[in-house]
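Residue numbering for the sequence shown follows the working numbering, beginning at 176 and increasing consecutively. Every residue, glycine too, gets a C-beta built ideally from N, C-alpha and C. All figures in this text were calculated on a predicted structure; none of them were measured in a lab. This report refers to the structure that appears directly beneath it.
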Amino acid sequence: MTLDSSRSKLFGSATRTSILVLLALLGESYTAELAKMLGVRASAIKKIVDALEVESIVAGRLAGRTRLLTLNPRYEAAGELKALLWKLGERDFELQELAGTKRKRPRRAGKPI
176 MTLDSSRSKL FGSATRTSIL VLLALLGESY TAELAKMLGV RASAIKKIVD
226 ALEVESIVAG RLAGRTRLLT LNPRYEAAGE LKALLWKLGE RDFELQELAG
276 TKRKRPRRAG KPI
């Protein structure tokens, strides 16, 4: 999937807006997962996420070797931002479908794929 021109560019670009909406819908994610969902290079996602972290909109934490990303709850307008992102996510059925495909729990050990 590639981002189409009809997607909102409210936060500067369609990719940047999609990353924020997905983080609101998913709760947390990581760079490679976002890149796979959006069909964008991981380096482009990392660059956007790094800029969002500098602005304190996104917070990252390490879980093993994976850097998990979330919307920063300490951001001064966190509640309002999350409400806006939810509203954008409500009308973007493609992003809702992508968010729904994320596996919520680990696969049982030894279970065939």
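Selection 253, 273 and 277 evaluated against residue 233 yields 253 as nearest (Cα-Cα). With distances taken between CA atoms, residue 188 lies nearest to 224 out of 224, 207, 287 and 242. Cβ neighbours of residue 227 within its own chain (closer than 8 Å, five residues either side excluded): 191, 194, 195 and 233. Between residue 207 and residue 219, the beta carbon gap of about 12 Å keeps them out of contact (Cβ cut-off 8 Å). In the structure shown, residue 192 adopts helical secondary structure according to DSSP, grouped into three states. A distance below 7 Å between beta-carbons, with the five flanking residues on each side excluded, links residue 247 to the following residues of its chain, in chain order: 231, 232, 233, 234 and 253. Shortest Cα-Cα distance from residue 274 to any of 251, 241, 205 and 287 involves 205. Assigned with DSSP and collapsed to three states, residue 185 falls in coil, not helix or strand.
Unbroken beta strand (DSSP E) runs of no fewer than 3 residues, entirely contained in the segment 209-268, are found at 233-238 and 241-246, following chain order. Excluding residues up to 5 positions away in sequence, 193 lie with their Cβ nearer than 6 Å to the Cβ of residue 213 in the same chain.
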